[in-house]
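Undergrad: So the sequences go chain by chain: A and B.
Per the numbering used here, the first sequence starts with residue 42, numbered consecutively.
Per the numbering used here, the second sequence starts with residue 9, numbered consecutively.
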Amino acid sequence: QKEVEQNSGPLSVPEGAIASLNCTYSDRGSQSFFWYRQYSGKSPELIMFIYSNGDKEDGRFTAQLNKASQYVSLLIRDSQPSDSATYLCLQNFVFGPGTRLSVLP
Amino acid sequence: DTAVSQTPKYLVTQMGNDKSIKCEQNLGHDTMYWYKQDSKKFLKIMFSYNNKELIINETVPNRFSPKSPDKAHLNLHINSLELGDSAVYFCASSRGGGGADTQYFGPGTRLTVL
Numbered sequence: 042q043k044e045v046e047q048n049s050g051p052l053s054v055p056e057g058a059i060a061s062l063n064c065t066y067s068d069r070g071s072q073s074f075f076w077y078r079q080y081s082g083k084s085p086e087l088i089m090f091i092y093s094n095g096d097k098e099d100g101r102f103t104a105q106l107n108k109a110s111q112y113v114s115l116l117i118r119d120s121q122p123s124d125s126a127t128y129l130c131l132q133n134f135v136f137g138p139g140t141r142l143s144v145l146p
Numbered sequence: 009d010t011a012v013s014q015t016p017k018y019l020v021t022q023m024g025n026d027k028s029i030k031c032e033q034n035l036g037h038d039t040m041y042w043y044k045q046d047s048k049k050f051l052k053i054m055f056s057y058n059n060k061e062l063i064i065n066e067t068v069p070n071r072f073s074p075k076s077p078d079k080a081h082l083n084l085h086i087n088s089l090e091l092g093d094s095a096v097y098f099c100a101s102s103r104g105g106g107g108a109d110t111q112y113f114g115p116g117t118r119l120t121v122l
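What follows is the structure, given as structure tokens:
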């Protein structure tokens with residue numbers, strides 16, 4: 042059974058802080074990972090994807106992939122209240138349960 | 009321009025009825041998907057079509073039947089609706105079908121079975 046795990050949260054951080062979201066996976070066969078953000082009542086939208094070990098940065102977002110430890114993380118720097126949403130990790134059509142992030146003004 | 013569109017946005021119906029949800033993408037993608045998001049917000053793949061051919065068919069009751077008339081459209085027909093079918097159904101599309109391409113999601117269809 043291929044599984045993608047995430048802490049459901051809620052994860053609360055103050056405005057301006059770094060939010061750290063983690064995802065672990067069991068399937069070593071697929072090495073493409075996607076982070077999606079989903080606001081309440083809306084559809085998932087892509088934040089970032091990562092295929093290679095190491096870090097990938099895009100603006101305030103950094104994705105990190107560690108294949109040996111089978112985890113992928115998403116860091117959000119300078120968190121804003123507008124970042125409050127559920128963050129979903131996706132590997133090969135399997136979504137994690139999502140982590141609800143709340144950024145407090 | 010809407011990239012992935014779904015109709016209807018809301019669907020309220022009685023148990024036992026048959027209903028359809030339509031999806032269209034104008035991105036020129038070869039692969040389309042149906043996902044179900046239940047009340048606990050867990051998003052799970054149901055079907056995937058690549059160039060009108062079924063390539064993923066997860067453990068879904070055979071009351072659910074996808075139909076792809078062309079690669080820009082993927083419709084979902086549900087027979088004999090049950091209370092447990094109440095969920096939000098998302099259509100998505102991607103360039104390729106191997107899991108390595110970004111999936112773009114439609115706005116969702118909220119299905120309520122009474």
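Cβ atoms here follow ideal geometry from the backbone N, Cα and C, with glycine treated the same way.
Nothing here was measured: the structure is a model prediction, and the numbers come from that model.
Leaving out the 5 sequence neighbours to the left and right, which residues in its chain are closer than 6 angstroms to A/Pro146 when beta-carbon positions are compared?
TA: If we look at A/Pro146 and ignore the five residues flanking it on each side, its Cβ neighbours are Glu56 and Pro122.
Undergrad: Terminal residues of the continuous beta strand (DSSP E) containing A/Ile91?
TA: Glu86 to Ile91 is the span of the beta strand (DSSP E), which, as asked, contains A/Ile91.
Undergrad: Give the range of the beta strand (DSSP E) segment to which B/Leu82 is assigned.
TA: Per DSSP, B/Leu82 belongs to the beta strand (DSSP E) from His81 to Ile86.
Undergrad: In the DSSP assignment, the beta strand (DSSP E) including B/Val20 goes from what residue to what residue?
TA: Start and end: Tyr18 to Thr21.
Undergrad: Is the beta carbon of B/Gly24 less than 7 angstroms from the beta carbon of A/Phe134?
TA: Cβ distance not < 7 angstroms, so B/Gly24 and A/Phe134 don't count as in contact.
Undergrad: What residue range is occupied by the uninterrupted beta strand (DSSP E) comprising B/Thr39?
TA: First-last of the beta strand (DSSP E) with B/Thr39: Thr39 to Gln45.
Undergrad: Between B/Tyr112, B/Gly92, B/Ser94 and B/Glu90, which lies nearest to B/Ala100 when the distance is taken from Cα to Cα?
TA: Out of B/Tyr112, B/Gly92, B/Ser94 and B/Glu90, B/Tyr112 has the C-alpha closest to the C-alpha of B/Ala100.
Undergrad: Please report whether the beta-carbon of A/Asn94 lies at a distance below 7 angstroms from any beta-carbon of chain B.
TA: Chain B contact via Cβ: absent.
Undergrad: What do you reckon, is the C-beta of A/Arg101 under 6 angstroms from a heavy atom of the ligand SAH?
TA: Questions concerning the ligand SAH fall outside what the structure shown contains, since it holds no ligand whatsoever.
Undergrad: Since I believe A/Val45 is in contact with A/Gly139 (beta carbons under 8 angstroms), could you give me their beta-carbon distance rounded to a whole number of angstroms?
TA: Their Cβ separation, rounded to whole angstroms, is 10 angstroms, which puts A/Gly139 and A/Val45 out of contact at 8 angstroms.
Undergrad: Can you give me the start and stop residues for the beta strand (DSSP E) that A/Pro55 sits inside?
TA: A/Pro55 -> beta strand (DSSP E) spans Leu52 to Pro55.
Undergrad: Classify B/Ser102 as helix, strand or coil using the three-state DSSP reduction.
TA: If DSSP states are grouped into helix, strand and coil, B/Ser102 belongs with the strands.
Undergrad: List the endpoints of the continuous beta strand (DSSP E) containing A/Val45.
TA: Taken as a continuous stretch (DSSP letters only), the beta strand (DSSP E) holding A/Val45 covers Val45 to Gln47.
Undergrad: Restricting to Cα atoms, I'd like to know which of B/Leu84, B/Leu89 and B/Pro74 is closest to B/Pro16.
TA: Checking every option, the nearest Cα to that of B/Pro16 belongs to B/Leu84.
Undergrad: Does the Cβ of A/Pro85 have 16 or more other Cβ atoms within 10 Å, making it buried, or fewer, making it exposed?
TA: Under this definition A/Pro85 is a buried residue.
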